[in-house]
Structures are given as structure tokens and as C-alpha cells.
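J.: Quick note, in our numbering, the sequence shown goes up one by one and the last residue is 512.
I have a structure I would like to understand better, so I am pasting it below and will then ask my questions one at a time.
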Amino acid sequence: MNLEVDKQRLISEIEELSLISDAEAPAVTRIVFTPTDLRARAWFLERCKEAGLAVRQDAIGNIFARWNGQNSDAPAVATGSHIDAIPNAGKYDGVVGVLGGLEAIRALQQSGFNPKRSIELILFTSEEPTRFGIGCLGSRLLSGSLSADAAKKLKDKEGATIEQVRRSAGFQGKLETVKLPAGHYQAFLELHIEQGPLLEQKQIPLGIVNQIAAPSSFQLFIEGAGGHAGGVLMPDRRDALCAASELILAIEQQAKTSGSTDTVATVGICEVFPGAVNSIPSRVHLSVDIRDTDLQRRDSLIATVDASCHAIAAKRGVTIRQELVNADAPADCAPDIVETLSESCRKHGLPFTNMVSRAYHDSLFMSRIAPTAMLFIPCHNGYSHRPDEYASPEDIVRGTLVLAETLRSLAS
Ligand code: HGY
Ligand code: MN
Ligand code: MN
């Protein structure tokens, strides 16, 4: 039974979905539970129903589209990703795994494959941290990595709680019901763009991920003294933005000198109050993202940043309050799933390499409850989270074909 990926259908669906966006094409913005996100979800549900999949949604809006196997009670083989997109993003991040997963299922259906185990496609809610400050909300709750109580404390910038937002988006039921037990799935696979330049540089069409780096993020609230930009002399100032600037450069320097290029640190948000040209900044809010493949090294960088906060606060007479958002362990992908992906590549004569994922993904949390692995395809220049993010139709099709082949062997 040979597998045929319908390239034209898959690429046109990726294009169609990219237009359900709150940004001018080619940029894509699709923030969780906004009307645009809900329209995109409805569009996706239609495609799943057309493919004859049984669909359900859980209390946080994770969507499960299931192709029932002969032995429908056996733990299913799952695949999936996300379709929410940060502001001014691209059209492939997450989408390749969701629509590629759907196309893999359709290719298997068309090949006459009759799965023993069910195959389930999952669209995870809020992989991006944009609205509620923490990423992978749907997969964290599903895997038990985030408790329902902790989730209920999360608010968006308008102060709306998860409970309010999800219920007005139409997702009822208790958050406690989202969690699935270990063993619920036989395996989990995620197809995703690399979001880095390695595959393209090495001219290798496929990357099989064997480790997902450990992400962490925290907020820093710096409080100094404001005042008139003309009237307050330099020695008398406690300028919150100058303190923040010194801290940002210290974080950069400490990441650069951690001893490994696997250590990365980013200050992605800097909000200045009052934000007037002739008023000394009295308050600054920074959001910091620190990751590393090595948990110990990541945690020691967090500790070094903490020490810098104390030193700079004392030196500049400001206060710096820290709020941890998340500090997750890295994930090792399941060797047997990695091997099955490798066999699929070999079967189709496709070169591949093993690699680390420096971005986090829903797979990071699915690995807590199921044997998990990821399959990467190249993206041009490694660009991602920007409108010129690009994956070629040929690369997308290759990734989808290997995903379909691997689903077939795991569900047989
Ligand atoms: O930030 C990440 O690693 C993911 O793309 N949300
Ligand atoms: Mn992303
Ligand atoms: Mn992603």
C-alpha cells in the first residue's frame, strides 16, 4: 500500500488557514480564544469531519480528531501541534504539525490502511505564551504538568481569567477533566518546522529530535523613583530603566559565558512607566526567557540572574521583584519512537539527522505521559515567529510522508 500525500490539498489548506488571522498577510497573528482563533478552530473541525474523524473538545479547548482503529479500546497513537500564533508570526509554526497530521491520516485512509490502534490528531490550545504568559497551556493541563488550580490563577493583560475567557469561548466543563493518564496514548509524534537554521545549512531534509531543551520564563518588576527629566540631577536619580538596561546586558553576558552555546537568554518584553520623554522611568517590567539543553546549567543561570538583580538593586537604590512563570525540565524523546521515525526515513530513502529542539513544543509535555518524538523539517534561514517564516512544499510533503509512515507502523 503506497502512501500518497496530496501536496496541492495540503499546501492550499496551509494557505487558507494563514488567512484566518488578525494581521496583514504574509504575517499571521492568531491569539488563543480570540474570535479569529475560534474561526480557525471551526475551519479545522470542518476539515476533520470531512475526513470522517470523530471529534471532541475538552474543557480547555484541546481538539481531538480520532480515526477509530479495529481495536478502539487500545491506547491510540497520537500526533498533533498548535495553530495559535504570536503577533506578527509566520504561517507554518504549529500548523505544519496539525495540517500535516491531518494529511498523513488522509493519505493512510486513501492507501487502504486499516489501523489496529486508533490514530488521534490533537490541536493543542495556547502553545504560545502570548495571552496568559505561559506556553503549552493545553498540553500542560492534559499531561498534568499544570494543575487546574494553578491554571485558574492565570489572567490575560485585561485581567480576564482563564475561566472567564474559555467559558465565553464556549468551552464548558471543569478544567480538572482535561488531564489524561499516562498510558492513555501508545505514542505521541509531532511534525514541526525546525525554527533554527541547521537542517537547511546541512542540506538535510529531516531532523529527528531526541531532546527538547528545558524552557523557563519569569517576570521582573523594577521600581525606582520617577521625576522631572530636567529637575532631578544625575546623582539623585533612581532610574528604573537604567537599572533594567544594566540587568538586560548582565543577563546577555551571563548566557554568553555559561560555557555552552546551548544556553540562551532573551528579554522579549520591556514595558516602561510612565513612558514620557521628559519623565524619569519609575517602573519597568521585563519578561525573561532562559533555556538550555542542560537543566543544571539553566538553573545556575537563573541563580546568577537572581544575584545580579540583588546587586543592581542595591547599587542603584531600586527594588526588583521576580515572578517565576515556568521552569520546566527538558525532555528526552523515546528511543523506540525515534527509531521508528528513522526506519520510516530509511524506507523512503530520505536522509535525516538527530538533533535537539531548542524551541519548546507540546511534545515537551506529552513526553511526560507517552513515549514521544518529534520530526523537524527545514525552515528558510531558520526564521520563525516572523512573517517571512518559510517551509517549502517539498519539505512539508516529505515530513508528512514520514509522519504517515510512522503512524502506520505504530498503529499496525
Ligand atoms: O517559544 C517557543 O519555543 C515556542 O515556539 N512557543
Ligand atoms: Mn512558536
Ligand atoms: Mn510551535
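Virtual Cβ for every residue (Gly too), placed ideally from N, Cα, C.
To the nearest angstrom, how far is the alpha carbon of Ala355 from that of Ala151?
T.: Distance between the alpha carbons of Ala355 and Ala151: 47 Å.
J.: If you measure from each residue's Cβ to the nearest non-hydrogen atom of ligand 1, which ones come out under 6 Å, in chain order?
T.: So the residues near ligand 1 by this Cβ test are Glu227, Glu228, Gly235, Ala459 and Tyr460.
J.: Restricting to runs no shorter than 3 residues, where is the beta strand (DSSP E) found entirely within the segment 101-165?
T.: Fully enclosed beta strand (DSSP E) runs of 3 or longer: 128-130 and 154-157.
J.: Exposed or buried, what is Val377 when buried is set at 16 or more other beta-carbons lying within 10 Å of its beta-carbon?
T.: Label assigned to Val377: exposed.
J.: If you draw a straight line from the alpha carbon of Leu110 to that of Gly200, how long is it in whole angstroms?
T.: Using only the alpha carbons, I get a separation of about 7 Å.
J.: Can you tell me whether Gln264 is helix, strand or coil according to DSSP?
T.: Reduced to three states, the DSSP call for Gln264 is helix.
J.: Judging by CA-CA distance, which residue of Ile186, Arg267 and Leu202 is the nearest neighbour of Glu227?
T.: Of Ile186, Arg267 and Leu202, the residue nearest in Cα terms is Ile186.
J.: Any contact between the segment 206-223 and the segment 491-507? By contact I mean 3 or more CB pairs, one from each, below 8 Å.
T.: Yes: at least three Cβ pairs fall under 8 Å.
J.: Are Leu242 and Lys279 closer than 8 Å when you measure CB to CB?
T.: Contact flag set, yes.
J.: With 16 as the cutoff for other CB atoms within 10 Å, does His182 come out buried or exposed?
T.: By the 10 Å Cβ count, His182 comes out buried.
J.: Throw me the rounded Cβ distance for the Tyr483 and Pro315 pair, which I believe falls under 8 Å.
T.: About 20 Å; that fails the 8 Å criterion.
J.: Which two residues bound the contiguous beta strand (DSSP E) that contains Ser345?
T.: Premise fails: Ser345 lies in the alpha helix (DSSP H), Ala340 to Lys356, not in any beta strand (DSSP E).
J.: Am I right that Leu395 and Ala429 are in contact with their C-beta atoms under 8 Å? What's the rounded C-beta distance?
T.: Right, their Cβ atoms sit about 6 Å apart.
J.: From His485 to Thr129, what does the alpha carbon distance come to, in whole angstroms?
T.: C-alpha separation (whole angstroms): 10 Å.
J.: With a Cβ-Cβ cutoff of 8 Å, do Ala511 and Thr472 count as a contact?
T.: No, the Cβ-Cβ distance between Ala511 and Thr472 is not below 8 Å.
J.: From the DSSP output, in three-state form, read off Arg391 for me.
T.: It is a strand residue.
J.: Is any heavy atom of ligand 2 found at a distance shorter than 7 Å from the C-beta of Ile369?
T.: Because no heavy atom of ligand 2 lies under 7 Å away, the Cβ of Ile369 does not count as near it: no.
J.: His485 bridges to which residues according to DSSP?
T.: Answer is none; His485 lacks a bridge partner.
J.: Please say whether Ile412 and Ala343 have beta carbons closer to each other than 8 Å?
T.: Yes; because the gap between Cβ atoms is below 8 Å, this pair is in contact.
J.: Are the Cβ atoms of Val372 and Val388 separated by less than 8 Å?
T.: No, they are not a contact pair.
J.: From this set, Arg397, Cys148 and Arg141, which residue's C-alpha is nearest Ala427's C-alpha?
T.: Checking every option, the nearest Cα to that of Ala427 belongs to Arg397.
J.: Met455 lies in the beta strand (DSSP E); which residues open and close that run?
T.: Per DSSP, Met455 belongs to the beta strand (DSSP E) from Phe452 to Ser457.
J.: For the segment 322-337 and the segment 443-460, state whether three or more C-beta atom pairs, one from each stretch, are separated by less than 8 Å.
T.: Result no; under three Cβ-Cβ pairs closer than 8 Å.
J.: Using the C-alpha atoms, what's the distance from Gly296 back to Leu237?
T.: For Leu237 and Gly296, the distance between alpha carbons rounds to 23 Å.
J.: Based on the DSSP output, what are the partners of Glu423 in its beta bridges?
T.: Beta-bridge pairing links Glu423 to Gln319.
J.: What number of angstroms, rounded off, separates the C-alpha of Arg421 from the C-alpha of Thr363?
T.: Computed Cα separation, rounded: 24 Å.
J.: Leaving out five residues on either side along the sequence, give the residues of the same chain with a beta carbon under 6 Å from the beta carbon of Asn454.
T.: So the qualifying residues of the chain are Ile308 and Asn310.
J.: Strictly by DSSP, which residues pair up with Val177?
T.: Its beta-bridge partners are Ile219 and Ala287.
J.: Check the DSSP bridge columns for His292 and list the partner residues they point to.
T.: DSSP lists Phe476 as partners of His292.
J.: Per DSSP, what kind of secondary structure is Val384 in: helix, strand or coil?
T.: DSSP places Val384 in strand when its eight states are reduced to three.
J.: Below 8 Å on the Cβ atoms is my contact criterion, and I expect Val456 with Thr393 to pass it. Report the Cβ-Cβ distance as a whole number of Å.
T.: Confirmed, about 5 Å.
J.: Please report the distance separating the alpha-carbon of Glu494 from that of Thr404.
T.: Roughly 44 Å separates the two Cα atoms.
J.: Mind checking whether Ile120 and Thr136 have CB atoms under 8 Å apart?
T.: Yes. Within cutoff.
J.: Below 8 Å between beta carbons: does that hold for Asn171 and Arg206?
T.: No; because the gap between Cβ atoms is not below 8 Å, this pair is not in contact.
J.: Cβ of His485 versus every heavy atom of ligand 2: is any distance shorter than 7 Å?
T.: His485: yes, Cβ under 7 Å from ligand 2.
J.: Report the option in Leu103, Asn188 and Phe224 whose CA atom is closest to the CA atom of Leu138.
T.: The option with the nearest alpha carbon to Leu138 is Phe224.
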